[in-house]
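*Asks:* Reading the sequence shown from the start, the letters are residues 1 to 1124 in this note's numbering.
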Amino acid sequence: MYTKKNILIQDEDIRIEALNPCESFIVQAPAGSGKTELLINRFLSLLSKSSKPEDVVAITFTRKAAFEMRARVLQKLQLVKNCDEIKQDDLSWNLSVEVLKRDQKFEWNILEYPSRLIIKTFDAFCSNLVSSLPWLSRMGGMPNISDDINSHYTHAAKSTLSLIEKYDFIKRTLVNLDLDMKGSIDLIADLLSKRDQWLPIMRHGFNRDKLEETLRLTVEQDLLNLLNEMPYDWQSFIKEPIKIAANNLAKINSINVLSPLLDWDHSLTSKVEDLPKWKAIASLLLTSKNTLRNSKSFNKKLGFYSGSLHKEKLIRWVESINISSSYWVSLLADIKHAPNIFFTDSQWDRLSDQLNTLCLSAANLILRFNDYSEVDFIEINQRALCALDNNNDINDILFRLDYQISHILIDEFQDTSLIHFNILEKLTSSWIPGDGKTIFMVGDPMQSIYSFRKADVGLFLSVVKNGIGNIKPKYLKLKNNFRSQSGIVDWVNNTFVNLFPLKDSLDLGGISYSKSISCVPGIPGDAVEFHPVLSDGGDDALAYTTLNIIEKTLALHAGNKHHIAVLVRSRNHLGSLTELMKKKSIAFNAVDIVHLCDKPVVSDLVQLIRALSHPGDRLAWLSVLRSPFCGLTLDSMYKLFGDDHNTPIPSLLFDVLNILEEKNNSIYDKTPSYAELNLSHSEFLRISQVALVLLSNYGQSNNFPMATFVEDVWQKLGGANVYQDKDANKDANSIFDLIDEHFPYGILDIDQFEDRVNNLFASSNSNNIDHCVDIMTMHKSKGLQFDTVILHGLHHSSKNDRDPLIRFESNSNGVLFAPINPKYSNDSDLISDYLKNRARIRNSYEIDRLMYVACTRAKKKIHLVASVKLDENGLCSNPNSDSLLGRLWSNISTDDCKNLNKELGFTKKNSNSKPLSRISLDGLSLIRESTCQDNRNIIENFYEKNKREKYSLLHNCDAIMGTVMHFWLRRIAEEGLDLWNIDYLLKYNYIIRKHLIRSGIPVFDVDKYTNIVVTALSNMLMDDKGLWLLSNYNNSRREWSLVDDHGQIFVLDVALDLGDSWLIVDYKLSKIHENEDINNFIVRIKDTYSSQLRKYCDVLYHLDKKKTYAAIYLPLYKIWIELD
């Protein structure tokens, strides 16, 4: 047994041993153990024995970590160089002295040329490989890293689904997804972002026998783990009682939950043949919540009659079990999910279709990358591995890179992904033990929290057990914690030893807990405090509680440097905390917490941009008039616009304000306007002045750079002065910078613009380092430390993730794949459910580790803040088991919760009581003064132009209607007439209407044009000629662009390949004129379009030399006109 003093001595010995430059190590360094210092000392130790600095390569996972490590190494070397003092007891000092001696001897000049220190991120290292080996990496040079990679994933998914007519497996996959096109695109795009996990193992997915064998081995491993954990001699105690119960049930119903146990005549094994018996035992011993049944639960429904001897014997066994050490109960519960190890033909067909769809999507992504000369880091890493995996001598490759790597150091090794691990294997493939080359891996598997970034904590366990390639590093484990006071360390030890699994699990990512020993004296008082908040107070009550803790902590440490961190699991758990802190003038630094789009100034600015981009965007225009720029009340807005839901708001503004009603009038008609008569004076001033700015600037965006134009309008509206948030102008400038960077020429795609805005975060509101509160997610806090840590909103439950297109797993037994179940099926896919449960276990383990990371950030104090509910006795009820609070609950001491919030002075506020924020009347007068006569002239020109064109946005509505109709004709033809009929078409009426609006049809005309398009499409589905055209999709070219000898481009609606000839068909939505009969109508159409179609025929004939005919089809009247 070690005493605290012995542990300290042992830890120091381990740290010295880890510096041996001739041996490889893998070091487990828990939170606060001084991992970075150990890594730097190892780096210095290796440099002091190397012939040149490039022999040593340190790899980190973040640029911040690489920068910090380089800076600290150089700082140590510079400090020694500038000081003549000898520090015999300082290990880093002595190592730095040896490095500088080496530096002088071999003329490295590290301090003058610090780039000779190879300290890189994994991504940077791989990028260097790819750029230096264009041929071996098969990339031909280093492309740009995309800053909008999701658009590439989405486009690749769409490209795949567009091939539905060419590949039946795509069609079947879509049918399984209930023809949900958007959902299918999202599922494929999501997996493309994770393709480094499944693409390397994809080849195994098409081997049915191999998959079934791996499934058998995996299930048998689960059974073996369970068998090894079952209570001593359990089968001899419960076999006979259960067999009697099974026979009792069989007399009532031959098929029952215990049927598999009727012939239980041998000791159960871990073989899959015994799986039905194991599942029957699980159903018998466990409740629906997967807890062990109590004695009352064994009743006649389970074959146990009251007073029977077999019941009493089973109950005695159950009551003798030590529940606190019943790890086997959770393993037995997991066996409920174990499936039949053989795929059904239906499962296999679905899996094959989905895998083929993914493979094609990955290929389309490569094409997309090639088109844009952009890639993601996944592609870089894969090509780096490709360069190292071409059967070339690795030393020759590295020599070409001017590398002669003798030592590799990996920081945060628990965050290594499979592809990074494979690269490390390749880099060390030629190494042999004793050749002087070493690998040093340091990390803490208890802090592995980045599985969403492809981190695989099982790789850490694998290296400890099996090594890497030919190298078997020595495993070292540190125990000292130099960060947290002993009270925190003791609480963390006592809490997480019960949360973490008892044993490591390489395949499921389970990490057993390793206790730490604090080297920091304890502080009087509770190291950890729980602050329960009544749930009926809502998020505001929670925010007030945390605010109160912050204020008391700052007051307690006034005049001293004291860092506070508020950590949340998810950004949306903060509620109103940041707003309350602003009101209290508490400086804080929010790290990627507040989305910029959630800031009022940005939200209003986005609506202003939408309004200026399109007069028909009614919601945007109303939002602008409601925003602080104008601040109309809801009553005023209803009076002005409530009776007309069709006319665009700009047009209504002209009407209600009497602007330029007559050509020769001044800017406003002299007679009182509708707005002046029906609104209060102040409301009329608001609408009239703001309308003058909006309408005078509408349509002027093409005259200026887009960012300049938007900022000018924003300034004229008083945007720089109407927001109380002192960061408002900085946030607005972020939007102007975004427009300037991505949309500099005024062609602003609104959807793309909003997507980019949604990915931006608001910057910090504080430069006060000494008394700044840091607010961040628990994931972001990794690697940091704070004096006081407040864990806010622990009661929130985990969100359920969407099922992926396929489920996959790579474990020690091989590879597993399972298909998604058809959406229209109520039956679950048992293999998919099995992999889903295993993924749930992995995620549960990681959530426990996330909580460990959050708690171990604290040096002096931890506050736990969460909402609770009271039971009838006034005590806190148990929280949701899937919340962080639920995981900690057994280690939290809770007292009576009746008077929880009295000291906070908190009263729940009416959510509708927030006053309307709007510009002052003084601010309006500034707008009036800044609006010049030139703007009034612009209004006149704008009004006259749009009066003529009815807000058609300079587009021809007939042309738009034709384009939309062609789109839907193509879709109907592609998806087939088996799917499309009149009833099915009418379901898309609303979507067609939206399509027309987004294409430029004004809202007040859209119903008319929607009716025309739907009528035309319906007629084609009811007309023989129309059906014939749609059914010949595979033999036709649609919207075919041809060029004649003079360079003129012609676009053919449809060209049908009839074998020895072509038939060109032109769709026309022409209508019969008033007083025009059908015959005259046909003559008019032929006269109008004959010469155009003859030109089409000539161009196509010269291209293909086949005889060419032409016809006009009028779907509104089902008329077919063949031309001579």
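In this text, a Cβ means the ideal position worked out from N, Cα and C, and glycines have one as well.
Since the model is a prediction, treat every value here as computed from it, not as a measurement.
1) Who are T788's beta bridge partners in DSSP?
2) Assess contact between the segment 365-379 and the segment 307-318, defined as three or more Cβ pairs (one per stretch) separated by less than 8 Å. Is contact present?
3) So, at 8 Å on beta carbons, what are the nonlocal neighbours of K1071 in its own chain, with the 5 sequence-adjacent residues on each side left out?
4) Considering only C-alpha positions, which residue in the set V1014, D712, K52 is nearest to N109?
5) Contact between the segment 176-190 and the segment 816-827: three or more CB pairs below 8 Å?
6) Between the segment 845-856 and the segment 778-790, can you find at least three pairs of beta-carbon atoms closer than 8 Å?
7) At which residues does the alpha helix (DSSP H) containing G303 begin and terminate?
8) For I149, I'd like the list of residues in its chain whose CB is within less than 6 Å of its CB, leaving aside the five on either flank, ordered along the chain.
9) May I ask you to verify whether the segment 538-553 touches the segment 567-587, counting CB pairs closer than 8 Å and requiring at least 3?
10) How long is the line joining the alpha carbons of P30 and I439, rounded to whole angstroms?
11) What does a CB cutoff of less than 7 Å around L1133 pick up in its chain, not counting 5 residues either side in sequence?
12) Using the three-state DSSP reduction, which class does I335 fall into: helix, strand or coil?
13) Report yes if the C-beta distance between D731 and V602 is below 8 Å; otherwise report no.
14) Would the beta-carbon of R626 fall within 8 Å of that of D617?
15) Nearest by alpha-carbon distance to L612: which of V568, A707, H573 is it?
16) Taking V464 as the reference, give the member of K477, R453, N144 with the closest Cα.
17) Could you please give the first and the last residue of the uninterrupted alpha helix (DSSP H) stretch that includes E676?
18) So P276 is in the beta strand (DSSP E); what residue range does that whole segment cover?
19) For a test of the three-state rule: what should DSSP assign to Y475, helix, strand or coil?
20) Given that a residue counts as buried once 16 or more other Cβ atoms are within 10 Å of its Cβ, and exposed if not, what is Y113?
21) Taking the alpha carbon of T1140 as the point to measure from, which residue in K313, I321, V272 has its own alpha carbon closest?
22) Whether or not the segment 1102-1116 and the segment 1012-1031 are in contact is what I'm after, with contact meaning three or more pairs of Cβ atoms, one per stretch, closer than 8 Å; do they touch?
23) What residue does the alpha helix (DSSP H) around H614 start on, and which one ends it?
24) Using a 10 Å radius around the Cβ and a threshold of 16 neighbouring Cβ atoms, would you call R63 buried or exposed?
25) Could you check what DSSP says for W980 in three-state terms: helix, strand or coil?
26) Of the choices G522, P532, I586, whose alpha-carbon is the least far from that of T553?
27) Is I385 near N356, with beta carbons less than 8 Å apart?
28) Is it the case that the segment 226-235 contacts the segment 284-300, given that we only count it when at least three CB pairs across the two stretches are under 8 Å?
29) Nearest-angstrom Cα distance between I939 and S651?
30) Can you name, in chain order, every residue of its own chain whose Cβ lies under 7 Å from the Cβ of I16, other than the five neighbours on each side?
31) Compute the distance between the beta-carbons of I517 and N494, then report whether it is under 8 Å.
32) With DSSP as the reference, label M230 as helix, strand or coil.
33) Assuming contact is defined by CB atoms lying nearer than 8 Å, are V865 and L784 in contact in what I supplied?
34) Would you mind working out which of E85, V591, Q607, D536 sits nearest E754, comparing C-alpha positions?
35) Looking only at C-alpha atoms, which of K860, I201, S115 sits nearest to P524?
36) If you check the beta carbons only, do L258 and L249 fall under 8 Å apart?
*Replies:* Concretely, from the data shown:
1) I564, K861
2) no
3) L1116
4) K52
5) yes
6) yes
7) Here G303 belongs to no alpha helix (DSSP H), and DSSP marks it neither H nor E.
8) D376
9) yes
10) 20 Å
11) In this structure the chain extends from 1 to 1124, so residue 1133 is not present and cannot be described.
12) helix
13) yes
14) no
15) A707
16) K477
17) 674-678
18) Careful: P276 lies outside any beta strand (DSSP E), inside the alpha helix (DSSP H) at 275-285.
19) strand
20) exposed
21) The shown model of the chain, from 1 to 1124, leaves out residue 1140, and the question about it has no answer.
22) yes
23) No alpha helix (DSSP H) holds H614; DSSP gives it neither H nor E.
24) exposed
25) coil
26) I586
27) For the record, residue 385 in the displayed sequence is Leu; it is not Ile. Going by C-beta atoms, L385 is not nearer than 8 Å to N356.
28) no
29) Any reading at I939 needs caution, since the residue's pLDDT is 44, under 50, leaving its predicted position unreliable; the model's value is listed next. Distance between the alpha carbons of I939 and S651: 12 Å.
30) none
31) no
32) coil
33) no
34) Q607
35) K860
36) yes
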